[in-house]
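So in my numbering, spot 200 of the sequence shown is number 229, and the numbers just go up one at a time.
The block underneath contains the structure these notes are about, expressed in structure tokens.
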Amino acid sequence: MEALKKIENDLTGKTIDLSEIDKDKTVLIVVDMVNGFVYSGPLSSPRVAGIVKNIAELNEKTKGFKKVFFLDSHEENSEEFGSFPQHCIKGSNEAELIPELKTEFSLGPETLYIHKNSTNGFNTVEFQKWLEENIDKVDNYIITGCVTDICVLQFALSLKAYFNQVNRNKRIIVPKDCVETYDGGSHDGYLMNLFALYNMHTSGIEIADKIN
């Protein structure tokens with residue numbers, strides 16, 4: 030318990046003011062806020078539903094920013110279903126972006142929607158192309174969404190490792206109030222969320238309580 034308290038303390042106390050970040054050099058990334066992880070289906074979670082309001086508000090505050098929305102979307106024979114229950118089938122309601130993010134704030138010439146067939150959106154062709162086109166234009170990456178210990182963690186660590194490899198100083202920010210994971214069996218949502226945030230923190234990713 031003492032170790033958990035120390036981890037929580039290390040991850041607490043940082044608030045970021047959006048006005049201090051250069052809008053033209055910043056991207057908001059929203060990972061897998063689809064119905065299948067929020068409202069319906071075998072992998073939906075009330076914990077994830079609890080961050081919808083925060084992400085919707087941040088999406089509104091970042092009107093006019095560059096944005097990337099990752100949408101989990103699978104064929105019925107997806108290889109991923111060997112590890113997870115069948116979910117977010119392409120064309121189904123589960124694979125749709127949640128209603129709270131289907132707003133004017135999610136539209137614009139610099140908004141990209143990427144359908145992904147694995148837990149790690151970094152590996153998609155579309156994101157690799159976007160990254161190549163924007164590596165000199167974007168310095169700040171704000172990552173939100175679900176789930177913290179799988180899709181968010183894998184994407185954030187891959188992005189950070191890539192920038193380390195090419196020796197680029199980029200700022201990657203994860204606001205705690207805009208990421209969450211699920212409870213289920215031995216998968217304790219509180220612990221998995223905490224450990225994932227700490228993993229990102231020790232890898233050089235900024236963990237903030239929130240972004241004002």
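Think of the CB as a built atom: it goes at the ideal place given N, C-alpha and C, for glycine as much as any other residue.
If you're wondering where the values come from, they're calculated on a predicted model, not measured in any experiment.
Work out the CA separation of Asn196 and Lys34 for me, nearest whole Å. Approximately 34 Å between the Cα atoms of the pair.
Can you give me the start and stop residues for the alpha helix (DSSP H) that His216 sits inside? Taken as a continuous stretch (DSSP letters only), His216 belongs to no alpha helix (DSSP H), as it is neither H nor E.
Contacting residues, own chain, Cβ-Cβ under 6 Å from Asn225 (five flanking each side not counted): Residue identity check: residue 225 is Ala in the sequence provided, not Asn. If we look at Ala225 and ignore the five residues flanking it on each side, its Cβ neighbours are Thr177, Asp178, Leu182.
On a Cα-Cα basis, can you pick out the residue from Leu72, Val97, Thr140 that is closest to Ser112? Nearest C-alpha to Ser112: Leu72.
Is the Cβ-Cβ distance between Leu126 and Phe98 less than 8 Å? With contacts defined by Cβ atoms closer than 8 Å, Leu126 and Phe98 form a contacting pair.
By the three-class DSSP mapping on this structure, what secondary structure does Cys117 have? The answer is coil: DSSP assigns Cys117 none of H, G, I, E or B.
Under DSSP, the beta strand (DSSP E) around Asn198 begins and ends at which residues? From DSSP, Asn198 is part of no beta strand (DSSP E); its letter is neither H nor E.
Cβ of Ile58 within 7 Å of any heavy atom in the ligand COA? In the structure on display, the ligand COA does not appear, and there are no ligands present to speak of.
From which residue to which residue does the beta strand (DSSP E) around Asp39 run? Going by DSSP, Asp39 is part of no beta strand (DSSP E) but of the alpha helix (DSSP H) stretching over 31-39.
When you compare only the Cα positions, how much space is there between Ile118 and Pro138? Rounded to whole angstroms, the separation of the alpha carbons of Pro138 and Ile118 is 27 Å.
Taking the alpha carbon of Thr148 as the reference point, which residue from Ile202, Cys175, Asn163, Gly79 has its own alpha carbon closest? That would be Cys175, whose Cα lies nearest to the Cα of Thr148.
If the criterion is Cβ atoms closer than 8 Å, does the pair Asn146 and Ser187 meet it? The answer is no: Cβ separation not under 8 Å.
For a quick check, are the C-beta atoms of Lys54 and Lys166 less than 8 Å apart? Contact flag set, yes.
So Ile202 and Phe184 are in contact, right, with Cβ under 8 Å, and what is the actual spacing, rounded? About 13 Å separates the two Cβ atoms, so there is no contact after all.
Which ranges would you report for the beta strand (DSSP E) in the region 101-145 if only whole runs of at least 3 residues count? Entirely contained in the region 101-145, the beta strand (DSSP E) runs reaching 3 residues are, in chain order, 140-145.
Apart from the five residues on each side of it in sequence, which residues of its chain come closer than 6 Å, Cβ to Cβ, to Val77? The answer, listed in chain order, is Phe66, Val67, Cys175, Glu209.
Considering only DSSP beta bridges, list what Ile240 is partnered with. As a beta-bridge residue in DSSP terms, Ile240 pairs with Ile45.
Residue burial classification, Met221 (beta-carbon count within 10 angstroms, cutoff 16): Its Cβ being crowded by 16 or more others within 10 Å, Met221 is buried.
Buried or exposed by the 16-neighbour rule on C-beta atoms within 10 Å, applied to His216: Exposed, by the Cβ-count rule.
So, helix, strand or coil for Leu57, using DSSP? Leu57 carries a strand assignment under DSSP once its states are collapsed to helix, strand and coil.
Quick one: using the 10 Å Cβ neighbour count with 16 as the cut-off for buried, is Glu123 buried or exposed? Buried, by the Cβ-count rule.
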